[in-house]
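The structure appears right after this line, and notes come after that.
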Amino acid sequence: MKIGVIADTHVRHFAELPHNLISALSRVDLIIHAGDIVALDVVRGLESLAPVKGVYGNMDLPEIRTVFPQKDVLDIEGKKIAIVHGSGGPWDLAQRVGELFTDVDAVIFGHSHRAYNKVIGRVLYFNPGKASDSYGLLEVGQEIKGTIYEGYY
0 MKIGVIADTH VRHFAELPHN LISALSRVDL IIHAGDIVAL DVVRGLESLA PVKGVYGNMD
60 LPEIRTVFPQ KDVLDIEGKK IAIVHGSGGP WDLAQRVGEL FTDVDAVIFG HSHRAYNKVI
120 GRVLYFNPGK ASDSYGLLEV GQEIKGTIYE GYY
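In terms of numbering that gives the first Met the number 0, the sequence shown is numbered consecutively and its last residue is 152.
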């Protein structure tokens, strides 16, 4: 399964997202948004491309917080994929978000606006960065493989 991963869109309208990002997300099976979506128009636009799962972030308004949980764990093709936005400073963010979950294969997070793609132990820690600058793709099968795409304008 091919999953598009974004975070920190920080826009009010789907049309404000970069065209290359929208094009890339139109070719995935699922979109995961790791928070700071900001507006439901963004969610509705993403849903026109593929099914959307996500969590709310610290900048999300109540309209987003009623649609998405603060954290979630998805079971995709037998792999447990955790999603949380994150909080606090960017230092040790992967470690802090990882402590929120047990027995998962991947932890997807946002918040720092910094792309991160690293396996620690047996867990993939994956932050796609700020959507205006980068996004990620996960390929889920026997293993989970993450790729970050930056500067795609």
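The beta-carbon is built from N, C-alpha and C at its ideal position, and this holds for glycine as well.
Can you tell me whether DSSP reads alanine 206 as helix, strand or coil? Here the chain has residues from 0 to 152 only, and residue 206 is not among them.
Mind checking threonine 8: buried by the 16 CB within 10 Å criterion, or exposed? buried
Contacting residues, own chain, Cβ-Cβ under 7 Å from serine 131 (five flanking each side not counted): Pro17
If we count Cβ pairs, one from each stretch, closer than 8 Å, do we get three or more for the segment 107-114 versus the segment 16-35? yes
Closest residue to methionine 58 among Asp91, His112 and Leu45 (Cα-Cα distance): His112
Within its chain, find whatever has a CB closer than 8 Å to the CB of aspartate 241; leave out the 5 residues flanking it on each side and keep chain order. Here the chain has residues from 0 to 152 only, and residue 241 is not among them.
So alanine 93 is in the beta strand (DSSP E); what residue range does that whole segment cover? Alanine 93 -> not in any beta strand (DSSP E); alpha helix (DSSP H) instead, spanning 92-97.
Own chain partners of serine 157 with C-beta closer than 7 Å, once the 5 adjacent residues on each side are dropped: The requested residue 157 is not part of the displayed model; the chain covers only 0 to 152.
CA-to-CA distance, alanine 6 to glycine 145, given in whole angstroms: 15 Å
So what does DSSP say about aspartate 59, is it helix, strand or coil? coil
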